[in-house]
Structure formats: structure tokens, C-alpha cells
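Below you'll find the structure, written out as C-alpha cells, and then a few comments.
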Ligand code: GTP
Ligand code: MG
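Numbering (the working numbering), first residue to last: 2 to 272.
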């Protein structure tokens, strides 16, 4: 992930969109990927947020241009603006919410109908830490986790419309919840629908880098290059302030994963 040595490598821009029901953790997944950070009570996204992250893949540098959409239903009609011309989509559900799985499947249908026919779709079941008794030890192992503070539940993290799922309300300190979505069932669905599939935790970092790594491997980079470097739709509408600021910071230079928490141990995104 060094930029100096890669001065000759012009980044391949890859437009990527995140979709999914409110409060499944889309923004948290992006925050983990871009800044190796996690916020226990993250506020709902309004409109969409834009962030970037550079990764190295073989001899190429990929610059993910990430549109993190708002999951609340009232923003649904904006989504085509963000998935149009996207080379990749990350569709997120929450493993503790079966309704969020249904919503995620409906996003996949919409993408298959209306997005770029070659779009690479990653289907991810987030919040696995809530259903894994061993999540604490994994956190130790990866040493990049944000230790939860034991605050009370936050109403801020719950969307304010009818699409909000009560089970999505984040429990303080990562209290265990029942899994409502079986991994095997979704793996079978993903395979027959030709989707990449991962279970992740934005909280512990589990699976996050892998999602983007696999996307990077599956993207037809040469096609993007031949199309004049790939991305369109740099629409600034709807940026939310905090995330937009992060995006700008990234545009000034690379953001390395985990640089704060891990002294570079996991700094490369391994793409
Ligand atoms: P919208 O912007 O409203 O669409 O929501 P979102 O999908 O972006 O969800 P967001 O990232 O804001 O996360 C919602 C809540 O879930 C926040 O309180 C997060 O801290 C929490 N959360 C996100 N990912 C995880 C995770 O992997 N594990 C746990 N335990 N909580 C998570
Ligand atoms: Mg969000």
C-alpha cells in the first residue's frame, strides 16, 4: 500500500455502492474498511456518504470510490443514482434480523434488473459478533477492535421509519443475540445467484478486508481500464458531513487500514 513506490501506478477507480436495510451496519463496514474504526452508536446515514480507499492488487492500485447509501425506506428512490455504473455492490444484511435478509435479496433483484450487468455483488451478513460467543477472543487475536464501552442502548442508531427492525437496535457492549439467518441457507442462495458471500463483523473487523479483497479480484480491471478508468457518477448530493469529511481526507492521500490500531500489521488491505 505504498504510494511513493507506486507513483507510476495510476489507480484504477472502482465505483462501489453499499445497499441494505437501515441499521444493518453498512456505514460501519465502510468505516472499518477505510479507517479501521468502529462506533458503537453510529448515526443513520442521510442520503448517502462518499468515501475512498486505495488498495494494492498485484501491480495495480485500486481506488475504491464508495457510495454508502442510507437504508431508510424514504431514501430508496435515490439508490439508482448511486448504483448506476457501479462496478461493485456490497449488499448487507444483519444475521440477527430475518427481515433484513429479505430486504437484501430485494436489493439484489433490483441490481440484477437495473444495474450494470457485469456488476460484482458481494452479499454480506454483518454483526456476527453478536451471535458468536467466541467474539471476544477473536477480538484479542486481531488486536484491531474497538473495545466496547458499556453505554445504554442508543435510540440514535435506530432508523425513524417503518423499515427499522427492532432487532437491529444495537445492544450496548455487544450483548449476544439470536441468529435469525442461517449461514448455510444464505451461502446456497448466494451461490445460485452468483454472489460473493461473507459473514462479517464491522465491530471486530472479521471478514471486512476479505470482502473488498474478493471484490477486487473479481472486478474486470482490464475492462475498466479500457473504458477510460471506470467510474462515473461523482455526485456530491447527499453527502453526510462526517463521512464526506472522511472521503476528503482520503482523497488527500491514502488511508491505510489499521494504521492506528495495529502499527501496520494489517495496514494493507491485502487486495
Ligand atoms: P443506515 O445508515 O440507517 O442505513 O444504517 P447502516 O446500515 O449504515 O448501519 P450503521 O453502520 O449506522 O450501524 C447501525 C448500528 O449497528 C450502529 O449502532 C452500529 O454500531 C451497529 N453495528 C454495525 N455493525 C455492527 C457489527 O458488526 N456488530 C455490532 N455488534 N454492531 C454493529
Ligand atoms: Mg449508514
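Note that the Cβ used here is the ideal one computed from N, Cα and C, for glycine as well. Values in this document were obtained by computation on a predicted structure and should not be read as measured data.
Query: Going by DSSP, which residues form a beta bridge with residue 51?; Result: 68
Query: Using a Cβ-Cβ cut-off of 8 Å (strictly less than) and excluding sequence neighbours within five positions of residue 215, which residues of its own chain qualify?; Result: 123, 197, 199
Query: Under the criterion of a Cβ to heavy atom distance below 7 Å, does residue 45 qualify as lining the ligand GTP?; Result: yes
Query: So, residue 50 versus residue 28, is the Cβ gap smaller than 8 Å?; Result: yes
Query: CB of residue 131 to nearest heavy atom of the ligand GTP: below 7 Å?; Result: yes
Query: Can you give the Cα-Cα distance for residue 97 and residue 126, rounded to whole angstroms?; Result: 9 Å
Query: Is the segment 29–45 in contact with the segment 100–116, if contact means three or more CB pairs nearer than 8 Å?; Result: no
Query: Would you tell me roughly how many angstroms separate the C-alpha atoms of residue 227 and residue 176, rounded to the nearest one?; Result: 49 Å
Query: Given a cut-off of 8 Å on the beta-carbon distance, is the pair residue 205 and residue 30 in contact?; Result: no
Query: At a cut-off of 7 Å, would you count residue 208 as near the ligand GTP, judging by its Cβ distance to the nearest heavy atom?; Result: no
Query: Along the chain, where does the beta strand (DSSP E) containing residue 178 start, and where does it finish?; Result: Where residue 178 is concerned, there is no enclosing beta strand (DSSP E), given that its DSSP letter is neither H nor E.
Query: What is the residue span of the alpha helix (DSSP H) that residue 110 lies within?; Result: 99–115
Query: Can you determine whether any heavy atom of the ligand MG sits closer than 7 Å to the C-beta of residue 28, and answer yes or no?; Result: yes
Query: Look up residue 224 in the DSSP assignment and say whether it is helix, strand or coil.; Result: helix
Query: For residue 195, I'd like the list of residues in its chain whose CB is within less than 6 Å of its CB, leaving aside the five on either flank, ordered along the chain.; Result: none
Query: Counting only C-beta atoms, is residue 207 closer than 8 Å to chain D at any point?; Result: Annotation note: the requested chain D is absent from the structure, which comprises a single protein chain.
Query: Going by alpha carbons, who is nearest to residue 52 out of 35, 23, 186?; Result: 35
Query: Closer than 7 Å: is that where the CB of residue 23 sits relative to any heavy atom of the ligand GTP?; Result: yes
Query: Residue 1 by DSSP, collapsed to three states: which one?; Result: Because the chain is modelled from 2 through 272, residue 1 falls outside the range shown and cannot be assessed.
Query: Name the residue from 55, 11, 80 whose alpha carbon lies nearest to the alpha carbon of residue 19.; Result: 80
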